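Chemist:
Protein chains: 6
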Amino acid sequence: MKAVTFGEIMLRLKTPEYLRIVQAQNFEASYGGAEANVAAGLAMLKEEAALVTKLPDNPVGQAALNELRRYGTDTTHILRGGKRLGIYYFEKGNNIRPTNVVYDRADSAFACSKPDEYDWDQILEDTDIFFFSGVTPAVSESVKETVLDALRCCKRKGIEVVCDLNYRAKMWDKNTAQCVMRELMPYVTLCIANDEDFEASLGIHAFDGDMSRGIEQIDTYREGMQEITRQFPNCKAVASVLRSMYTVEDGDWMAIYLIGDQFYETPVHHVHSLEAVGAGDAFAAALIHMLKKKENPQYTIDFSIAASVLKLMIQHDFNIVTEEDIIRVMKSNDVNLQR
Amino acid sequence: MKAVTFGEIMLRLKTPEYLRIVQAQNFEASYGGAEANVAAGLAMLKEEAALVTKLPDNPVGQAALNELRRYGTDTTHILRGGKRLGIYYFEKGNNIRPTNVVYDRADSAFACSKPDEYDWDQILEDTDIFFFSGVTPAVSESVKETVLDALRCCKRKGIEVVCDLNYRAKMWDKNTAQCVMRELMPYVTLCIANDEDFEASLGIHAFDGDMSRGIEQIDTYREGMQEITRQFPNCKAVASVLRSMYTVEDGDWMAIYLIGDQFYETPVHHVHSLEAVGAGDAFAAALIHMLKKKENPQYTIDFSIAASVLKLMIQHDFNIVTEEDIIRVMKSNDVNLQR
Amino acid sequence: MKAVTFGEIMLRLKTPEYLRIVQAQNFEASYGGAEANVAAGLAMLKEEAALVTKLPDNPVGQAALNELRRYGTDTTHILRGGKRLGIYYFEKGNNIRPTNVVYDRADSAFACSKPDEYDWDQILEDTDIFFFSGVTPAVSESVKETVLDALRCCKRKGIEVVCDLNYRAKMWDKNTAQCVMRELMPYVTLCIANDEDFEASLGIHAFDGDMSRGIEQIDTYREGMQEITRQFPNCKAVASVLRSMYTVEDGDWMAIYLIGDQFYETPVHHVHSLEAVGAGDAFAAALIHMLKKKENPQYTIDFSIAASVLKLMIQHDFNIVTEEDIIRVMKSNDVNLQR
Amino acid sequence: MKAVTFGEIMLRLKTPEYLRIVQAQNFEASYGGAEANVAAGLAMLKEEAALVTKLPDNPVGQAALNELRRYGTDTTHILRGGKRLGIYYFEKGNNIRPTNVVYDRADSAFACSKPDEYDWDQILEDTDIFFFSGVTPAVSESVKETVLDALRCCKRKGIEVVCDLNYRAKMWDKNTAQCVMRELMPYVTLCIANDEDFEASLGIHAFDGDMSRGIEQIDTYREGMQEITRQFPNCKAVASVLRSMYTVEDGDWMAIYLIGDQFYETPVHHVHSLEAVGAGDAFAAALIHMLKKKENPQYTIDFSIAASVLKLMIQHDFNIVTEEDIIRVMKSNDVNLQR
Amino acid sequence: MKAVTFGEIMLRLKTPEYLRIVQAQNFEASYGGAEANVAAGLAMLKEEAALVTKLPDNPVGQAALNELRRYGTDTTHILRGGKRLGIYYFEKGNNIRPTNVVYDRADSAFACSKPDEYDWDQILEDTDIFFFSGVTPAVSESVKETVLDALRCCKRKGIEVVCDLNYRAKMWDKNTAQCVMRELMPYVTLCIANDEDFEASLGIHAFDGDMSRGIEQIDTYREGMQEITRQFPNCKAVASVLRSMYTVEDGDWMAIYLIGDQFYETPVHHVHSLEAVGAGDAFAAALIHMLKKKENPQYTIDFSIAASVLKLMIQHDFNIVTEEDIIRVMKSNDVNLQR
Amino acid sequence: MKAVTFGEIMLRLKTPEYLRIVQAQNFEASYGGAEANVAAGLAMLKEEAALVTKLPDNPVGQAALNELRRYGTDTTHILRGGKRLGIYYFEKGNNIRPTNVVYDRADSAFACSKPDEYDWDQILEDTDIFFFSGVTPAVSESVKETVLDALRCCKRKGIEVVCDLNYRAKMWDKNTAQCVMRELMPYVTLCIANDEDFEASLGIHAFDGDMSRGIEQIDTYREGMQEITRQFPNCKAVASVLRSMYTVEDGDWMAIYLIGDQFYETPVHHVHSLEAVGAGDAFAAALIHMLKKKENPQYTIDFSIAASVLKLMIQHDFNIVTEEDIIRVMKSNDVNLQR
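Protein chains in written order, with the working numbering: chain V, 1 to 339; chain X, 340 to 678; chain U, 679 to 1017; chain W, 1018 to 1356; chain L, 1357 to 1695; chain E, 1696 to 2034.
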């Protein structure tokens, strides 16, 4: 059983503690990106998982590759070459102060990579699940073309395709996003849609944009999820995380999973996050792990939301937790986490 | 448009994380003091703001000057010479453990500076607003005399004078404070009075000393504010921050602004602070910025309290936030911050 | 007046911030262990307190000894020699992520020390109180024998014996623990029993294991405490800390003190811990300090629980607080800490 | 008296100690670039010195600006806007291991800035000396055009032009460099040429490329210097640093100054460098400072080489030393530094 | 082409900078051991190289495994289980102060592993070269038996065996070492013998123990090397590093390679080391790499000594350098490194 | 056997690595002062040694006391009270860049302490050796009076008095120093005089001030030493360290010991220092240790200079080395350290 993810991994430069970028005299260096985080999360769950990307052939690119390898991700399909590794500067918010991200990812080796550099037939050999998020086609036109190549190859080989819509307003506008994502959705068999993704990526209504009352909107969420399966019949399942956020750190989290006509919902987790990065990627990795283990839908979604909220307590982008760690959170849930 | 502040800037030696001073093997070095913080806060809001002080002509004094300059404060009126830079050791509390400050500021270059070292006519040229806090006259007798010189010069030039009463029990007793501050108040046009300042600095009742229920005492606060304008008719406006503190970090914050006969009140912000230093100075800087922009009183006080609570999430003494950062807090207020 | 504690001090290797062990590139090195923490806590309260243990005669053992000495613990009875200093790796949890400890303490100099290496008659000269926790006899068979030697010597000399049952499932099973602890209890004059200790160490029912509702079980706690005094008549007093934990960090804490037939109970402290290590040891140290000062039982238990919850806000194992710090927490209790 | 420099300032990400980039988990963040270093060096010598550049209007660009301001550089002519701040990763070598720099500077705000964004008539008002290095025209074609605009403006205003040829093989090839630099040289009044610059930037022979015996080649250096004044008669003076490097850190350093027909030479300094970055920029700043002070040529070049070698003992890019510090090195020279 | 190494990897706890262990408040955590270092060095040279060892199934063991994986070492044959990971405390010396190592490696998972846990036939499938050092059989009797099993398997499969004698006085005495190593030598095809190894491990004279004049003893070294090939005819080649050390950091280094009857000698490198750990392992890795590339003997030994001295400039145990890095040192050798 | 030292201990704030004070964002905090260093050095040599001083009764003073205690110094005679702990800022030089110290020690608790606060009869009970350096009487007039009291008490009790002249130009001028020190010398039985001390403290010629050739002046040193014994017949022995310093870090060190009429001289140590602080204090501590052990004069001075140069390789002020460490340096001397 093998999963392949396709996307960009960046150098993350985080200020120490809660310093602002203008105050910082040094940065913590780590590496992350949606698809890299999913691959690393899967490796932590002892799945065979490869990231496909392109990294510059310099020590910075090597460091990114090494970090993937350190946690067991398969890096054998990573291309080397190109100009630079993309960067994101990260300033962690707290309480009423929002987290701030400054992207410096233009012209990265990955963004400039061309479709014909990737030999999907060979890459996807023996692959069971292919994962990408909406970030990947937003990176560049040529990367979007590469995604299409990969998806066509998945179709030929009967590989399941999981897509986290993952809309990023800093990368593209809604019109472009919808145009592209609607072109890709017919290949997707499991779709993850959160918060504004419904509207921004697909033009489907589900969430009104008020993060302080996401969970209250559970009904429109359900409708949006069903609308996805209606518009894209190839998509057999939809998973969504609902959040009501009270401060930058405090919020209620739950998930819904629609499979066939059936909805499965998790309890609500009330959490105070340490580092709210990669929770969606942790959710996706856990979901894929469940698919591979063929767990029942209720366990699947309970495990996935537990993995996701546990990521909020882990520093850096990768969800460095074991299956046992996640199960412990699921079990303790009834007494300590719900209110 | 230009603001001038007058006061001491000290070296702040903070233990890492929450270590006690006896546990620390190193200290974070930064620089702060009420008037320096106000000047730096104004510079962050893109105002022209100068700190007038005296710094030793050694690398430690230079480092303090450089930190001011780094964030855009005008340092051209800073005197150099004297023995030493004052220091305060800072041990951050959490939850039920109070924050602890150990002063080592006696005999600083500023404390020993003489009135005739300052040429106020030249310093205050083209100045619109002069700011000092009650800390400055508490530093030493000669500094108090210098404050008087500056205030007389302000009167001659028609410069507005903002004073934050800012009583510090570790620096002087109430009798001395009242005697001095009442001598200075006739020059003040806008007075900031918080918590115990009413009583300690002016002998006016407003707050009973119970920090866990400051906001409940809003009525006596209003009376105290009116009493200030009654006793010091030159003082056209009074601003106060009211707090109900539940732990060292958790509390409710709001502000009242009395201008003419009219009170303007802000919503209550419930916050969990990261580093509860300089919130009052951030408030003063924001208020002065509003005065300069001639914003309406309600916007003025809403903006000022937002600046003040946002400072609670910023490390070190200066309020390293932009106008946009503050406005974002004001806007998110209705959904996320109030309860 | 002098206290002697007997037990192991280990090197504690803590990851920075909240990093997982597999993420860490360096460790904070400090030293701790139940009895060492009690001795250091007593020294901070200006009591004469000695730790009796055995440390390897190498720089790592010396560093442990030096850390004890630094805070004023008497180290003159510490044996030197043997193979190694025990270690515990420490990974601090937060919110829903549990704290993780990895022991590497087998074959330590202390565990391998023999009863005849300790000259209790000489060590306990002029001693008023002897303290050990259930961790000590769990270390090794020979250490357990040494405890018995010490207890017999205490009996001969009329020294008061305080024992914190302190059951550790990672060190021994309940059967062994009960067998050993029931052999030692006849020498104990004051017993501290918390949470699962009643059942695991003595086979007495008090707590059902649900940490989220410890305080609700106050009645069975009281019964368990009385049962201890019934079964072990030499034991004149029992103290227990009751906790209802809502997350890894948030919880309600209170204590009960049974002396003679009378129960004394403290108010409930609602706290958010910074580093939940050594709170029980801080409780024991404060209790012993109160015994020595012959304070009344209500003040004794109020002071002890205040010392214990204040430890939750202190980094590393030792409770680096003064008597004044503790009294400040006791006083602020009514307004800020209870809800 | 005022100096203006024109060039790029980058974020420098240095690994801690001597770690390789692939080993680093964090980077020290500082800011530097040839012309920024010269401007900062002049400010440290209490000269009025402005850097002209373009910085992105984001916190990373602001941090670069703040660092300049911190040490007193005039930043009022810095343009804001564009995509990104250039970066260079820096791995410090030692002994036989060479220092390694990885550039990530393409598409920076400065590189993409256009000639018409700079109003040289206004910028160069009241300016005495204009400085640029060969790095600046190598950045991009449009920046090279801007340099030409600035030089023409200098000619119109009679401003002295100092140019450090500063050839960088990682930025352009010799042919392009020679073509461009020979176009710019007719505007230069004082030229600094070191090591391979003669050949690479101007096609003039002086140095054979063997860094272990630079000083032995003093005769060909002298000829190369004269050849510059012959080919570019507007260039009244040439200064060169000669080095014989034995390891990455150990070497002999001296300088020659040709003014009119006269050569002035310094003693040889034998030094072991701490951080061999910016020594050439320190040399240029000191030389400009001497020009402004109109010191005699021998003192000028002795002071400049002392400033340059002292920079080797200073961390980060800027030469954070005072005039007194430099003079102390000059004086101690005869006993301690020469062999 | 594949290499397999067999030995222990430990947690290395190094004090920051040059602090003594008793001064340290934290430790840098890295991982190393002779055979692990060789495997990692080979992976850095893009060879397929596996470490065979046993690691505890806890996060500390996982961290060691991850560090190997990070730099590309094959970890698929690593057993998991057992009690603990061995540790060595490391205090770096300088100038006249010797480096100090404190071992805490007894009872490690590796030391307690049994011969029948290793399936050598499977492990050594497709293996070309097997490497072990004299440290491995010194770890424990059962590990020594496992080495013998592995060597017998090598003989059956015709795998080349490289052994670095690597005598460690802190692990065993000379008599035991000689007894064991002489039993193992008949399986060795290439032997590395340095300094005291000749005498201590094999009872053959070569070096008189005076580290300040190792190179002067080149003649007795040559005789010792020949004696090895005479006594152990299966051993076709011997390589030795000769050192004359003037301080803890300064010394002259060269190597000799005896193959058949022919000696090949390198130039002398004069170096000042940054961290004198793992230079011998770097030498071994480079030598094995040369064997695999079938380079000529002179290039082989020149490359190997360059790799070895370059390691002296790299922090931590692994030789994090590329083939290009090593070749650059070889080339610069004639001008900068020799005297 | 017991030694007592009398002097000031200060907080030392050192910039990280080699940063200048104006660059530093944090300081390493340690504690030192000549007499404290001597006491700590003696404790490291397992001597009973007490520092007599006065420390403020705040956490900063406590931290200084704890650091002494950590390494085994007797702190029972330390007075508590007064205003502040003296500070020295420390910026480590390298190669041609001198080390820089900024004192902020005026008005310290110690400087303001009065003679009648010290009960010398009680303090010096059972004391064998009293040590002070020329720094102590330079601190303040009242401290100088206290020194006299102590010396008179020593005379009464027949306690040996060791004085390191230790002239500090930043604390007093030569005239004052000579006047005071010549008043104190009649009580001194063993005098340590280095470099400029002869002239500055006593007005006796020995050294011409050229630090690059101290050892060449051995003859005038010998004469100066004899002149001391001639002028102060109570002084039975004089010890001097001679240095020829080539850079800030490189130099030759040796010592001479005059006892009776006989000179004893050590070999020359060529060393490269890591942190050139406290070497003189390490020398004094070793000398006192030798006096107590009644070693012969040649061994005494050889041991003392070895202790002194070894301190150059130790960070912070205290000489954290054991007797074995020093002996190892003495032994390795002939091969590695001398040239």
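Just so it is clear, CB atoms sit at the ideal spot from N, CA and C, and this is done for glycine as well.
Source: prediction; values computed, not measured.
Determine, using beta carbons only, whether V/Arg-152 comes closer than 9 angstroms to chain W.
Modeler: no
Chemist: Run the CB neighbour count on X/Pro-572, radius 10 Å, all protein chains shown included, and call it buried at 16 or more, exposed below.
Modeler: exposed
Chemist: Using the Cα positions of L/Val-1677 and V/Ala-286, report the straight-line distance between them to the nearest angstrom.
Modeler: 37 angstroms
Chemist: By the 7 angstroms beta-carbon criterion, what residues does the segment 1706-1723 of chain E contribute toward chain W?
Modeler: Glu-1712, Tyr-1713, Leu-1714, Arg-1715, Val-1717, Gln-1718
Chemist: Rank L/Trp-1476, L/Asp-1520, L/Leu-1521, L/Trp-1528 by C-alpha distance to the C-alpha of L/Leu-1507 and give the top, closest one.
Modeler: L/Trp-1476
Chemist: Considering only the beta carbon of each residue, do L/Arg-1461 and L/Met-1537 sit closer than 9 angstroms?
Modeler: Their beta carbons are not under 9 angstroms apart, which means L/Arg-1461 does not touch L/Met-1537 by this criterion.
Chemist: From the DSSP output, read off the bridge partner residues of E/Ile-1782.
Modeler: According to DSSP, E/Ile-1782 bridges with E/Leu-1706, E/Asp-1799.
Chemist: Given 8 angstroms as the limit, is there contact between the segment 131-142 of chain V and the segment 33-43 of chain V, that is, 3 or more CB pairs closer than that?
Modeler: yes
Chemist: If we define contact as Cβ-Cβ less than 9 angstroms, is W/Tyr-1088 a contact residue for chain X?
Modeler: yes
Chemist: Taking W/Leu-1327 as the query, report the chain E residues whose CB atoms sit under 9 angstroms from its CB, ordered along the chain.
Modeler: Ile-1791, Arg-1792
Chemist: Given that a residue counts as buried once 16 or more other Cβ atoms are within 10 Å of its Cβ, and exposed if not, what is W/Gly-1175?
Modeler: exposed
Chemist: With contact counted as at least three CB pairs below 8 angstroms, one residue from each stretch, are the segment 981-1001 of chain U and the segment 1630-1646 of chain L in contact?
Modeler: no
Chemist: My guess is that W/Ala-1126 and W/Leu-1141 are in contact by the Cβ rule of under 8 angstroms, so how many angstroms apart are they, rounded?
Modeler: With a Cβ gap of about 21 angstroms, W/Ala-1126 and W/Leu-1141 do not count as contacting.
Chemist: Exposed or buried, what is E/Cys-1874 when buried is set at 16 or more other beta-carbons lying within 10 Å of its beta-carbon?
Modeler: E/Cys-1874 counts as exposed, since fewer than 16 other C-beta atoms from the protein chains shown sit within 10 angstroms of its C-beta.
Chemist: Hey, does E/Thr-1942 have any beta-carbon neighbour from chain W nearer than 9 angstroms?
Modeler: yes
Chemist: Using the beta-carbon of each residue, which ones in chain W are nearer than 8 angstroms to V/Asn-234?
Modeler: Simply none; closest approach about 38 angstroms.
Chemist: Give me the Cβ distance between E/Thr-1831 and E/Phe-1701, rounded to the nearest whole Å; I'm assuming they're in contact under 8 angstroms.
Modeler: 6 angstroms
Chemist: In whole angstroms, what is the alpha-carbon distance linking U/Leu-743 and E/Asp-2020?
Modeler: Approximately 20 angstroms between the Cα atoms of the pair.
Chemist: Would you mind sorting X/Arg-408 into buried or exposed? The rule is 16 or more other CB atoms within 10 Å of its CB.
Modeler: buried
Chemist: Identify whether L/Val-1491 lies in helix, strand or coil by the three-state DSSP scheme.
Modeler: Looking at L/Val-1491 - three-state DSSP - the assignment turns out to be helix.
Chemist: Report the start-end ranges of each beta strand (DSSP E) in the segment 1533-1576 of chain L that is 3 residues or longer and not cut off at the edges.
Modeler: 1546-1548
Chemist: Determine, for X/Ser-481, whether the minimum Cβ-Cβ distance to residues of chain E falls below 9 angstroms.
Modeler: No, X/Ser-481 lies away from the interface with chain E (no Cβ there is under 9 angstroms from its Cβ).
Chemist: If the cut is a Cβ gap below 9 angstroms, which residues of chain L does U/Tyr-766 touch?
Modeler: Residues of chain L whose Cβ lies closer than 9 angstroms to the Cβ of U/Tyr-766 do not exist, since the nearest Cβ in that chain is about 11 angstroms away.
Chemist: Exposed or buried, which one is L/Arg-1696 when buried takes at least 16 other CB atoms within 10 Å?
Modeler: One cannot answer for residue 1696 of chain L here, as it falls past the ends of chain L, which runs 1357 to 1695.
Chemist: Would L/Arg-1578 pass as an interface residue toward chain U - the criterion being a Cβ-Cβ separation below 9 angstroms?
Modeler: no
Chemist: Specify the secondary structure class of V/Trp-120 as computed by DSSP and reduced to three states.
Modeler: helix
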